[in-house]
Each structure stands twice: as C-alpha cells, then as structure tokens.
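Asks: Protein chains in written order, with our numbering: chain B, 10 to 119; chain V, 3 to 415.
The beta-carbon is built from N, C-alpha and C at its ideal position, and this holds for glycine as well.
As the structure is a computational prediction, the values presented were derived from the model and not from experiment.
My structure is below; once you've seen it, I'll send some questions.
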C-alpha cells in the first residue's frame, strides 16, 4: 500500500496502538481525521506498526527534489544499497539524474 | 594556503543550510528548534553515521543565525573540570550585542560538543554529568553530535535532549553533489564513474568527495576504469597493499585517501616506509627530501601519542609528501620488505620464549620478579652451568635439557 507522508488515513485503532503511533512520531489531525509523520527518528518502527495496522506492506512514494514528481523506490537502480528504501525522504528521480539537458539548472538546487 | 591546494571537502564545505544535501526533515527540525523551540528542550543531540552533515549543519546554522561556536570535540579532554572550564562560561552569558540596535548583531554563543559518544575513560571522567548540568543551566543553545546514540553512558544525556536522527545520504543525492563539484572543478567525469564512487561511499559524502579528488585532481578527468581501486574501500587494506599503494601514488591527495582507508598500525607503517624508501628513491637528493618528511611524520606520531588524534592529519600530510617527492620517478619494485624491527622480533621469537620460560622458573624458585630474574640471576646461573653442566641447579630449577643448552650457549640477553 502506498502512503503519502503528509496525510494518510488509517482504520480506527485501539488506544494503545494510537499511543504507540504518537510515540513513534505520528501526528493526528482530528478535524480531517488524517495522520501525518512528525518525527523521523523511529521511522522504520513506525512503518512496521502501520503495516501491522493495515495488514499490508506499506511504502512511501519518493518526491524528486529536482522536478517534484513522485516516484517509487522500485524505479531506482540503487535500491539494494539504500538504507532508507521506501522511507519518506527527499531523493532524485532516475530521469533527473541522467538528464544532461537540465543539468546546470538541476545542480542549482544544492 | 591557496584555495586550489585545499582539500575539496574543505573547499566545498556547506556555507548555508540549504547547501547541505539530504536529511531535509532533520535539517527542518533542527532549524525549528534553534529558532523557536529551545524553551522545551535546551539541548539537541544530532545522531547518525559519519559524513552525513551533522557538523556541517551546526556550522552552517551558526553562520546563518549569527552564533559564535564554542566547540569541544573528541580531540579535547572532556572531563568534568575541562567542560566546566570551557563550556560553563560559554553557556552562562547572553551576548551583550543582543541589546544593541545594530542590524548585524550576533546572537551570542552556541556550545557544540561533537562526538559525545566518544566521551570515555579516566581522562573524561565526570564529563556526561557535567554536560547534563550545563544543559540544565544553559542560557544559550547546546548542541551535541554522536554516531552511536545507544551507548549506555549517553542514556541520561538523551533524556534532556531533543533527538534528531540523520540518515545515510541517498546515492542519487551523492551523485548529484559529485556532478556539481566536477562542474566547478572542470573535471570531465563519466556518469558511471561518479555512480561507482557514490555507491562505494555508502552515503558518506565526505569519503565520496575525497575519492573524487584523489582520482580526478591530476588529470581533470575521470573514467570508470580510474575507479577500479575503490573496490577495496570496505575491506581492510593489508600492510603490503598499503605500502604498494603508498609508493606508487601520483599525488598527495591520493596518498591521503589511501592512508585514511587503511587500518594498518601507524608505527609499523612508519617503520616500513622508512625501511623501504631507498628502494623507492634512487636519487640521493630525493631520498633525503623523503626522509625529511618521514622524520617530521615521526615527530607528529610522537606528539599524537594516544590522545592528540587531531594531529593525525599532519602525520598523514608529511607521509603523503614523502611519497610524492617525485611521482614521475616511480618504478614498480618486486619486494617490499617488512620493517627490520618486526623481522628481528620474528626471528628472535623462539629465543625470547625460551628465555621467558627460564626466567619464570628462576622467579618461582627464588621469589623474584621476571625482570629481576632476567637481569640479576640469569648471568650467574649461566656462569655456574658453563662450569659444571650437571649442577644441582638444573634439578632445583627444573630446567629442561634444551633450556640448559640455551643458557650455556646464549651470547647476550
């Protein structure tokens, strides 16, 4: 299941699970009924907990810092060496990395 | 030092927070804490693997928000006394220019304790509790950095800190940074070569930049073939390989890079370099120049001792210069000999073991130390045995025939 780190919905959870989610770095917006990620210190455990709640493997889409496009870690050829695979952190999509045409514009991001 | 002579990790050290690649969430949390949230937690602990930008972020943030950094790192003694002497005054006063109307006013001090997980041993006794006390009383931001936050002694410290985790930098981001440096340094690099360096760095930006400089600085070009030696990064480089790499290096940066990856014993390495230099330089003037650098490296090794590791860069630098006196004159030589001291110890190991056994037996019977037996008893026992081989001493000391033979024939001890 693919989630967006800024807002994702979960089925109603027990109090202890809710407390655990908050403890692991989730935030909850009561008005909209959506969760978001506030702290990334325990992100692996948080993903495991969410996967347990949804009873499904969870992945976060990656956002390209160059073009803003969302892409999955499955598209990246370095995923085997990546210690943050499927976690919601900024990255560069494969197209932008090889795109020489916009190279100068691209490195100005840094 | 000219800007061209700088190591690229220094030259391209991030000046602004936005220059630091990766860890966007950690950077945002840190900046938010520095700007507004210091009331809830007075200190912050940045933790994560090396080379991901923890120290760079603190330096860049201090520059951007006009703080003066007071830093204590692993090379300083961080005992209770030392911390109270340095850190307490630094965190106890708000800067006077806070009250000025000047637009470019400073915000006072920022205490930065780098590598706090390295606080250990007798020299740093009381360090952690002193830091906690300072955090509780601090009027200025206190920032700490560590590679491993799970060290037992940091547990009380973690309770008073906001924890911010840094992750390894993703490979595409490292490649992008290397591309930028190549552009600025006019290096024509193959994408696959940069890819290889980035993959090999395993998210350590510092080592990736060092690799890029050592491989491309001389020719201003980089091909995939040039990166062949990088495969040794995650292995221990043996003494022999380190020496071969050392003597065949073409630049100071290449030697520095090699030495920083190798895990050889520095004392043994220094001896090996010293013993093998005449094979490397046949020209007496070059040999003399190289020995001068080795001699200076030896001086720094002595100053480093077991504590002042911040001087290691000078040790590396002098050794690197010894290797690069005349890179063009390098001709491969087949045999790189291990240091003579080590060979001598190897050859005499059997004799030393035998003498140790004899001294142990004498010590047990005469109730003297090993050393006293060696220096005060062995010469007389030897003389007595030389006169009468069937002396009652043999039975009393329970010497074996080999030990008797050894004692009688030994020349010196």
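Output yes if chain B places a C-beta closer than 9 Å to the C-beta of residue 103 of chain V; else output no.
Replies: By one-based count along the second chain, residue 103 of chain V stands at place 101. Note that residue 103 of chain V scores 49 on pLDDT, short of 50, meaning its location in the model is unreliable and no value can be drawn from it.
Asks: Run down chain B in chain order and give the residues with a C-beta less than 7 Å from the C-beta of residue 173 of chain V.
Replies: Here residue 173 of chain V refers to the residue found at position 171 of the second chain. Taking a Cβ-Cβ cut-off of 7 Å, the neighbours of residue 173 of chain V in chain B comprise 87, 90 and 91, given in sequence order.
Asks: Using a C-beta cutoff of 9 Å, does residue 77 of chain B count as contacting chain V?
Replies: Stepping through the first chain from its first residue, residue 77 of chain B is reached at position 68. No, its Cβ sits nowhere closer than 9 Å to a Cβ of chain V.
Asks: Please report how far the alpha carbon of residue 128 of chain B lies from the alpha carbon of residue 14 of chain V, in whole angstroms.
Replies: Since the first and last residues shown for chain B are 10 and 119, residue 128 of chain B lies out of range.
Asks: Which residues in chain V have a C-beta closer than 9 Å to the C-beta of residue 55 of chain B? List them in chain order.
Replies: Residue 55 of chain B sits at position 46 when you count from the first residue of the first chain. Result: empty, since nearest Cβ-Cβ is about 12 Å, beyond 9 Å.
Asks: Which residues, in chain order, does the region 149-180 of chain V contribute to contact with chain B at a C-beta distance below 8 Å?
Replies: 165, 166, 167, 169, 170, 172, 173, 174, 175, 177, 178 and 179
Asks: Under 9 Å, Cβ to Cβ, is there at least one residue of chain V near residue 74 of chain B?
Replies: Counted from its first residue, the first chain places residue 74 of chain B at position 65. Chain V contact via Cβ: present.
Asks: Tell me whether residue 349 of chain V is buried or exposed, calling it buried when 16 or more other Cβ atoms sit within 10 Å of its Cβ.
Replies: On the second chain, residue 349 of chain V is found 347 positions in, with the first residue counted as 1. Exposed.
Asks: With a threshold of 8 Å on Cβ separation, who are the neighbours of residue 371 of chain V within its own chain once the five nearest residues in sequence on each side are excluded?
Replies: For this step, residue 371 of chain V is matched to residue 369 along the second chain. Excluding positions up to five away in sequence, the list reads 365.
Asks: Let me know if residue 315 of chain V comes out buried or exposed under the rule of 16 or more other beta-carbons within 10 Å of its beta-carbon.
Replies: Counting from one through the second chain, the residue named residue 315 of chain V turns up at place 313. Exposed.
Asks: Between V:386, V:207 and V:221, which lies nearest to residue 21 of chain V when the distance is taken from Cα to Cα?
Replies: Taking the second chain and counting its residues from 1, one reaches residue 21 of chain V at position 19. The shortest C-alpha separation from residue 21 of chain V is found at V:207.
Asks: DSSP three-state call for residue 356 of chain V: helix, strand or coil?
Replies: Here residue 356 of chain V corresponds to residue number 354 of the second chain, with the count starting at 1. It is helical.
Asks: Here's the rule: buried if 16 or more other CB atoms are within 10 angstroms of the residue's CB, otherwise exposed. What is residue 401 of chain V?
Replies: Within the second chain, numbered from 1, the residue matching residue 401 of chain V stands at position 399. Buried, by the Cβ-count rule.
Asks: How many Å lie between residue 33 of chain V and residue 62 of chain V at the Cα?
Replies: Against the second chain, residue 33 of chain V aligns to sequence position 31. Against the second chain, residue 62 of chain V aligns to sequence position 60. Going by the C-alpha atoms only, they are around 11 Å apart.
Asks: Let me check understanding here. Comparing Cα to Cα, which of V:202, V:357 and V:386 lies closest to residue 374 of chain V?
Replies: Position 372 of the second chain, counting from 1, holds the residue named residue 374 of chain V. Considering only alpha carbons, the answer is V:357.
Asks: Could you compute how far the alpha carbon of residue 405 of chain V sits from the alpha carbon of residue 216 of chain V?
Replies: Your numbering for residue 405 of chain V matches position 403 in the second chain. Your numbering for residue 216 of chain V matches position 214 in the second chain. Each residue's Cα considered, the two are about 55 Å apart.
Asks: Buried or exposed for residue 143 of chain V, please, with buried defined as at least 16 other CB atoms from any protein chain shown within 10 angstroms of its CB.
Replies: On the second chain, position 141 is the one that residue 143 of chain V refers to. Answer is buried; the Cβ neighbour count reaches 16.
Asks: Does the region 223-230 of chain V come into contact with the region 23-30 of chain V, if we say contact requires no fewer than three beta-carbon pairs (one atom in each stretch) closer than 8 Å?
Replies: No, they do not touch.
Asks: Using 8 Å for Cβ pairs, my map puts residue 89 of chain B next to residue 10 of chain B. What's the rounded Cβ distance?
Replies: Against the first chain, residue 89 of chain B aligns to sequence position 80. Against the first chain, residue 10 of chain B aligns to sequence position 1. The pair is not a contact, with the Cβ atoms about 22 Å apart (cut-off 8 Å).
Asks: Mapping DSSP to helix, strand and coil, what is residue 242 of chain V?
Replies: Residue mapping note: residue 242 of chain V aligns to position 240 of the second chain, counting from 1. Three-state DSSP puts residue 242 of chain V in a helix.
Asks: What separation, rounded to the nearest whole angstrom, lies between the Cα atoms of residue 199 of chain V and residue 189 of chain V?
Replies: Your numbering for residue 199 of chain V matches position 197 in the second chain. Your numbering for residue 189 of chain V matches position 187 in the second chain. One alpha carbon belongs to residue 199 of chain V, the other to residue 189 of chain V, and they sit about 14 Å apart.
Asks: Whose CA, out of V:363, V:409, V:31 and V:299, lies closest to the CA of residue 60 of chain V?
Replies: Here residue 60 of chain V refers to the residue found at position 58 of the second chain. Answer by Cα proximity: V:31.
Asks: Looking only at its chain, what residues have a beta carbon closer than 8 Å to the beta carbon of residue 329 of chain V, apart from the 5 residues adjacent to it on each side?
Replies: On the second chain, position 327 is the one that residue 329 of chain V refers to. Excluding sequence neighbours, residue 329 of chain V sits near 251, 252 and 253.
Asks: Residue 114 of chain V and residue 145 of chain V - do their beta-carbons sit closer together than 9 Å?
Replies: Taking the second chain and counting its residues from 1, the one referred to as residue 145 of chain V is at position 143. Taking the second chain and counting its residues from 1, the one referred to as residue 114 of chain V is at position 112. Yes, these two residues count as a Cβ contact at 9 Å.
Asks: The ligand SAH heavy atoms versus the CB of residue 219 of chain V: any closer than 8 Å?
Replies: Among the components modelled here there is no ligand, and therefore nothing to report on the ligand SAH.
Asks: Please list, in chain order, the chain V residues whose beta carbon lies closer than 7 Å to that of residue 35 of chain B.
Replies: Position 26 of the first chain holds residue 35 of chain B. Simply none; closest approach about 14 Å.
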